[in-house]
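In our numbering, the protein residues as written are 202 to 859.
Below you'll find the structure, written out as structure tokens, and then a few comments.
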Amino acid sequence: MDFLLSVIGFAVDLGNVWRFPYICYQNGGGAFLIPYTLMAVFGGVPLFYMELALGQFHRTGAIPIWKRICPIFKGIGFAICIIGLYVSFYYNTIIAWALYYFYSSFSGTLPWASCDNPWNTPDCTNYFGQSNVTWTNFSRSPAEEFYTRKVLEIQKSGGLDDIGGIRWQLLLCLFLIFTIVYFSLWKGVKTSGKVVWVTATLPYVVLLILLIRGATLPGAWRGVLFYLRPDWGKLLSTTVWVDAAAQIFFSLGPGFGVLLALASYNHFHNNCYRDALVTSAVNCLTSFLSGFVIFTVLGYMAEMRDVEVEDVARDKGSPPSSSLFPKRIPTPRAVPGNSQPSQCPLLGPSLLFITYPEAIANMVGSTFFAIIFFLMMITLGLDSTFGGLEAVITAVMDEYPQVLAGRRELFVLGLITLCFLGSLSTLTYVSSTGTTLPWPPSPSSPRGFCSLLLLLLLQGGAYVVNLLEEFGAGCSILAVVLLETIAVSWFYGIQRFSHDVKAMLGFTPGLFWKLCWIAISPALLAYPEWSTSVGFLIGASSFICIPLYMVYKLVWTPGSLKQVRSRTDNPTAPGWAEVGRGGQRPHSGQPEAGEPGRRILSTFVRAAVKSHRESCPGKQEGNALRSVSLNQRLAVCIRPEKLMRAAQAEGLGMAPVL
202 MDFLLSVIGF AVDLGNVWRF PYICYQNGGG AFLIPYTLMA VFGGVPLFYM ELALGQFHRT
262 GAIPIWKRIC PIFKGIGFAI CIIGLYVSFY YNTIIAWALY YFYSSFSGTL PWASCDNPWN
322 TPDCTNYFGQ SNVTWTNFSR SPAEEFYTRK VLEIQKSGGL DDIGGIRWQL LLCLFLIFTI
382 VYFSLWKGVK TSGKVVWVTA TLPYVVLLIL LIRGATLPGA WRGVLFYLRP DWGKLLSTTV
442 WVDAAAQIFF SLGPGFGVLL ALASYNHFHN NCYRDALVTS AVNCLTSFLS GFVIFTVLGY
502 MAEMRDVEVE DVARDKGSPP SSSLFPKRIP TPRAVPGNSQ PSQCPLLGPS LLFITYPEAI
562 ANMVGSTFFA IIFFLMMITL GLDSTFGGLE AVITAVMDEY PQVLAGRREL FVLGLITLCF
622 LGSLSTLTYV SSTGTTLPWP PSPSSPRGFC SLLLLLLLQG GAYVVNLLEE FGAGCSILAV
682 VLLETIAVSW FYGIQRFSHD VKAMLGFTPG LFWKLCWIAI SPALLAYPEW STSVGFLIGA
742 SSFICIPLYM VYKLVWTPGS LKQVRSRTDN PTAPGWAEVG RGGQRPHSGQ PEAGEPGRRI
802 LSTFVRAAVK SHRESCPGKQ EGNALRSVSL NQRLAVCIRP EKLMRAAQAE GLGMAPVL
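Right, here's the structure in full:
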């Protein structure tokens, strides 16, 4: 049960709450459920099942597992670890924002409920309950000014000449988040598996409470109709299908190494097939439920403001993106006479930190609902952080057991420290003047390279979060999953993989699953829109591990080209006694590729040396032995009865045949 809750906690994250509702309404409402379901059935669920089965059978992390699948693809493991670090740099900052809101909610009047605060400007306008308010392009709600001027403090940065500082309140929140993460991971899955009993179940209690409250608000029905109203014409757009594929792949999370890591601690005969179906169903239903939670409140806001739900759902001042990965990152530009940037940098956080809190502030019992809402956000974020960092920890520790064995606490401390330092760039003030970076910055020119560094390290925390969120784990993770699927289905072999599944579960995957693994799922992963400039640079920095390791393996492996290809394409598969997590390996009914031959050869060599010492003593015999072939040595010097005993001692169960 610990494993199932851990996987559900990882799969169900903040994206289910903020991304799915927006993607759904933007791509045809109820009609979007058709491509979403098809992409889940033919793409997301098969890949989810495949990763669980791989991790459970081979019982090791994302890096060393490729020694037993296809060694030349080992760079996939390193790419997964780098992507995991990128995600941890920005994802925990969003959780820190939620923690700051959670702390601020413990007050009689929520600080974003009115315009009577020191950080508010003359442009602050509270339209709730007021019918004679004029909303202009310069108007800002109290919740928006709290987010931009109090939490992010954008007014304290003057552009590239004024690099800004780090918000000490957010720094403290980030430190507390990483402290919780450390003490949840330092002892391994034994500690994190108990924590998820709270963090994975609490969000559903809160979602149910918020759904009931939202359904009782005036105008809630308008939001529900807007959410589910089908626009069948959108199904003819390829963008809708691309968004559906991207949403399900990123929601279920294959390719991040988390499923491999968590499944590697399972019992060998655990029903990972059932776990894959249950987790996928829970994930999709949670996304659908979150849509009702969000849009009942948006309908209430539209009723109070006397506008259409679409006007509330759309980001203020920023045109909605038509894709999960926009071609251009919004750069902050000042509006003359106004201290606010004209574009809100993050659609998802705008929903979570501006729109929904604004509605909560005008409800009866606003303090209670604000507390449980941001507590839910914290727990959703922590679950995903646990899984993401556990994937990195397991992969590295399994790859270097001689160095890290018995030092997990120290290694986890070092990794958490690295992630904390990497997150500091996301806490700086946001630039708000007309000075902007050259876009896209060209790393080949000195000015462009400096602009890139300034963007990553100095300019603005929210924009660094946006940069990493869009590109750090965007196209690169899709490429990783694509290559992973090809490596397993075409290089390792679908029949061999099916035998592995049968050894664990007692049945062979059906034709549907094999077709998905071989062709359908990889085809859905062929995502056409690649990023430009900075996005490509960040994505390539992790993805480059795969071809680099291929080149390294081909260059440094001795032998002819044919021998090198044979050695790098065929897996090495030591028994579980060497790499497993739970004792001896059960017999799978199919020998590991190359293993019997290597063990027989090693038995020959050891037996030959021993027999030579006993039967061919003397320097002259030894010199003569060196001048003949291996077969001649074995024929002359090996005693058959000793060879039989040596083979039995090696566990071969039969005598090798010359």
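Don't be surprised by glycine CBs; every beta carbon is placed ideally from N, CA and C.
Note that the coordinates shown come from a computational prediction; the quantities given were computed from them, not determined experimentally.
| request: With Y693 as the anchor, note down where its alpha helix (DSSP H) starts and where it stops. | output: Mapped onto the sequence shown, residue 693 falls at position 492. Counting along the chain, Y693 falls outside any alpha helix (DSSP H), and DSSP gives it neither H nor E.
| query | Cα-Cα, which of F303, Y753, N327 is closest to A344? | reply | By one-based count along the sequence shown, residue 344 stands at place 143. Closest option to A344, judged by alpha-carbon separation, among F303, Y753, N327: N327.
| query | Just how far apart, CA to CA, sit S340 and M598? | reply | On the sequence shown, position 139 is the one that residue 340 refers to. On the sequence shown, position 397 is the one that residue 598 refers to. Approximately 53 Å between the Cα atoms of the pair.
| task | Counting only runs of 4+ residues fully inside the region 245-332, write out the alpha helix (DSSP H) ranges in chain order. | result | 246-259, 276-305
| query | In angstroms, rounded to a whole number, what distance separates the CA positions of F621 and A596? | reply | Here the question's residue 621 lines up with position 420 in the sequence shown. Here the question's residue 596 lines up with position 395 in the sequence shown. Using only the alpha carbons, I get a separation of about 20 Å.
| request: Name, in chain order, the residues that DSSP records as bridge partners for R341. | output: On the sequence shown, position 140 is the one that residue 341 refers to. According to DSSP, which records beta bridges pairwise, R341 is partnered with C325.
| Per-residue DSSP class, three states only, for I745 | As a first step, residue 745 is located in the sequence shown; it is residue number 544 there, counting from the start. Residue state, collapsed to three classes: coil.
| task | Throw me the rounded Cβ distance for the V213 and L581 pair, which I believe falls under 8 Å. | result | Looking up residue 213 in the sequence shown gives position 12. Looking up residue 581 in the sequence shown gives position 380. Sure, about 7 Å apart at Cβ, within 8 Å.
| query | Below 7 Å between beta carbons: does that hold for N467 and F204? | reply | The residue given as residue 467 occupies position 266 in the sequence shown. The residue given as residue 204 occupies position 3 in the sequence shown. Yes. Within cutoff.
| query | When we look at the beta-carbon of H470 and count the other beta-carbons within 10 Å, is it buried (16 or more) or exposed? | reply | Here residue 470 refers to the residue found at position 269 of the sequence shown. H470 is exposed by the Cβ-count criterion.
| query | Closest to R475 by CA distance: which of S722, A724, I277, A254 is it? | reply | Residue mapping note: residue 475 aligns to position 274 of the sequence shown, counting from 1. Residue A254 is the option with its Cα nearest to R475.
| field | Same chain, Cβ closer than 6 Å to W731, five either side skipped, listed in chain order | value | Locating residue 731 in the sequence shown gives position 530, where the first residue counts as 1. Note that W731 scores a pLDDT of 39, beneath 50, so its modelled location is shaky; the value from the coordinates is reported in the next line. Around W731: C676.
| message | Using a Cβ-Cβ cutoff of less than 7 Å, which residues in the same chain neighbour I209 once the five nearest sequence positions on both sides are dropped? | response | In the sequence shown, counting from the first residue as 1, residue 209 sits at position 8. For I209, where only same-chain residues beyond five positions count, the Cβ hits under 7 Å are A401, T480, V483.
| query | How many whole angstroms separate the CB atoms of L605 and F612, which I take to be in contact at a CB cut-off of 8 Å? | reply | Translated into positions along the sequence shown, residue 605 becomes position 404. Translated into positions along the sequence shown, residue 612 becomes position 411. Yes, they are in contact, since the Cβ atoms of L605 and F612 sit about 5 Å apart, within 8 Å.
| Top-ranked residue by Cα proximity to G454, from T686, A704, G694, V682 | Residue 454 sits at position 253 when you count from the first residue of the sequence shown. Of the listed residues, the one whose Cα sits closest to G454 is V682.
| Expressed to the nearest angstrom, what Euclidean distance is found between the alpha-carbon atoms of S393 and L463? | Taking the sequence shown and counting its residues from 1, the one referred to as residue 393 is at position 192. Taking the sequence shown and counting its residues from 1, the one referred to as residue 463 is at position 262. Straight-line Cα distance between these residues: approximately 11 Å.
| Whole-Å CB distance - I281 paired with A592, under 8 Å assumed | Start at 1 with the first residue of the sequence shown, and residue 281 comes out as number 80. Start at 1 with the first residue of the sequence shown, and residue 592 comes out as number 391. Indeed they touch by this definition, with Cβ atoms about 7 Å apart.
| said: So, at 7 Å on beta carbons, what are the nonlocal neighbours of I719 in its own chain, with the 5 sequence-adjacent residues on each side left out? | reply: Within the sequence shown, residue 719 is the residue found at index 518, counting from 1. Only S690, I695 meet the Cβ criterion.
| task | Compare the Cα-Cα distances from S207 to each of T322, C316, C325, V390 and report the closest residue. | result | Translated into positions along the sequence shown, residue 207 becomes position 6. Checking every option, the nearest Cα to that of S207 belongs to V390.
| query | With distances taken between CB atoms, is the gap from G420 to Y501 smaller than 7 Å? | reply | In the sequence shown, the residue the question calls residue 420 occupies position 219. In the sequence shown, the residue the question calls residue 501 occupies position 300. For G420 and Y501, yes; Cβs fall inside 7 Å.
| task | Output the distance between the C-alpha atoms of F427 and L590, rounded to the nearest integer angstrom. | result | Taking the first residue of the sequence shown as 1, we reach residue 427 at position 226. Taking the first residue of the sequence shown as 1, we reach residue 590 at position 389. Cα to Cα, F427 sits roughly 38 Å from L590.
| task | Give me the Cα-Cα distance between G268 and A503, rounded to the nearest whole angstrom. | result | The count along the sequence shown starts at 1 and reaches residue 268 at position 67. The count along the sequence shown starts at 1 and reaches residue 503 at position 302. The sequence given here has Lys at residue 268, not Gly. Rounded to whole angstroms, K268 to A503 spans 57 Å at the Cα level.
| query | By Cβ distance, which residues of its chain are closer than 6 Å to F233, with the 5 residues on each side in sequence left out? | reply | As a working mapping, residue 233 is identified with position 32 in the sequence shown. These residues qualify, in order along the chain: C225.
| query | From G588 to I495, what does the alpha carbon distance come to, in whole angstroms? | reply | For this step, residue 588 is matched to residue 387 along the sequence shown. For this step, residue 495 is matched to residue 294 along the sequence shown. Computed Cα separation, rounded: 26 Å.
| So what does DSSP say about W731, is it helix, strand or coil? | Residue mapping note: residue 731 aligns to position 530 of the sequence shown, counting from 1. Residue placement at W731 is flagged as unreliable, the pLDDT there being 39, under the threshold of 50; the coordinate-derived value follows with that caveat. Coil.
| task | Report yes if the CB atom of N217 is closer than 7 Å to the CB atom of S488, and no otherwise. | result | Position 16 of the sequence shown, counted from the start, is the residue given in the question as residue 217. Position 287 of the sequence shown, counted from the start, is the residue given in the question as residue 488. A contact, by the Cβ cut-off of 7 Å.
| task | Could you check which residue in C717, Y223, G607 has the C-alpha nearest to that of K388? | result | The residue given as residue 388 occupies position 187 in the sequence shown. Here the closest residue by C-alpha is G607.
| field | 8 Å contact criterion, which M705 and I449 should meet: CB distance rounded | value | By one-based count along the sequence shown, residue 705 stands at place 504. By one-based count along the sequence shown, residue 449 stands at place 248. For M705 against I449, the beta-carbon gap comes to about 25 Å, at or over 8 Å, which does not count as contact.
| task | Could you check how far apart the C-beta atoms of I235 and L436 are, in whole angstroms? I think they sit under 8 Å. | result | Counting from one through the sequence shown, the residue named residue 235 turns up at place 34. Counting from one through the sequence shown, the residue named residue 436 turns up at place 235. The Cβ separation is near 7 Å, so the contact holds.
| field | Host alpha helix (DSSP H) of R430 (start-end) | value | Here the question's residue 430 lines up with position 229 in the sequence shown. Neither: R430 is in no alpha helix (DSSP H) and is coded neither H nor E.
| task | Spatial neighbours of I747 within its chain, please: CB distance less than 6 Å, with the 5 preceding and 5 following residues excluded, ordered by chain position. | result | As a first step, residue 747 is located in the sequence shown; it is residue number 546 there, counting from the start. When the five nearest sequence neighbours on each side are left out, the beta carbons in the same chain lying within less than 6 Å of the beta carbon of I747 are those of G276, I277, A280, in order along the chain.
| task | Express the C-alpha separation of Y557 and V406 in angstroms, rounding to a whole number. | result | Counted from its first residue, the sequence shown places residue 406 at position 205. Counted from its first residue, the sequence shown places residue 557 at position 356. Their backbone Cα atoms lie some 18 Å apart in a straight line.
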